[in-house]
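Novice:
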Amino acid sequence: MAKKTKGTVGVIGLGIMGGSFAKNLVAAGWRVIGYDISAAARREAQRAGVERLGRRLLAGPKRAVLRP
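Quick note: the sequence shown uses our numbering, first residue 1, plus one each step.
#1: Output needed for threonine 8: all residues of its chain with C-beta closer than 6 Å, excluding positions within five of it in sequence on either side, in chain order.
#2: Only counting runs of 3 or more residues, tell me where the beta strand (DSSP E) segments fall wholly within the segment 18-45, in order along the chain.
#3: Considering only the alpha carbon of each residue, which of Gly54, Leu53, Gly49 lies closest to glycine 29?
#4: Looking at C-alpha atoms only, which residue of Leu14, Arg47, Lys23 is the closest neighbour of alanine 41?
#5: Return the bridge partner residues of threonine 8 from the DSSP annotation.
#6: Using only CA atoms, which one of Gly10, Ala27, Ala39 lies nearest to lysine 4?
#7: When the Cα of lysine 6 is compared with those of Leu53, Gly18, Tyr35, Leu25, which residue comes out closest?
Spelled out as structure tokens, the structure:
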């Protein structure tokens, strides 16, 4: 049976501040999906229970596009 969560939140940037937010949210029962350009930051967050965003988010002045 899947673990019940309070909801889902996304965190872009898993460095010092974003990583702390993400880890605390996981500890408080939230499902957290995160991304960082740093592979080390992504690995550390995953060890804390943060799910990895499986796509890259590209944003421009007129559009936001998800790409695999």
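Every residue gets a Cβ at the ideal spot worked out from N, C-alpha and C, and that includes glycine.
Specialist: Quick look at the numbers:
#1: Residue 8 sits at position 8 when you count from the first residue of the sequence shown. For threonine 8, where only same-chain residues beyond five positions count, the Cβ hits under 6 Å are Arg31.
#2: 31-35
#3: Here residue 29 refers to the residue found at position 29 of the sequence shown. Closest option to glycine 29, Cα to Cα, is Gly49.
#4: Taking the first residue of the sequence shown as 1, we reach residue 41 at position 41. The shortest C-alpha separation from alanine 41 is found at Leu14.
#5: Counted from its first residue, the sequence shown places residue 8 at position 8. In the DSSP output, where bridge partners are listed per residue, threonine 8 has Arg31.
#6: Position 4 of the sequence shown, counted from the start, is the residue given in the question as residue 4. Ranking the options by Cα distance to lysine 4, first place goes to Ala27.
#7: The sequence position of residue 6 within the sequence shown is 6, counting from 1. Relative to the Cα of lysine 6, the nearest Cα in the group Leu53, Gly18, Tyr35, Leu25 belongs to Leu25.
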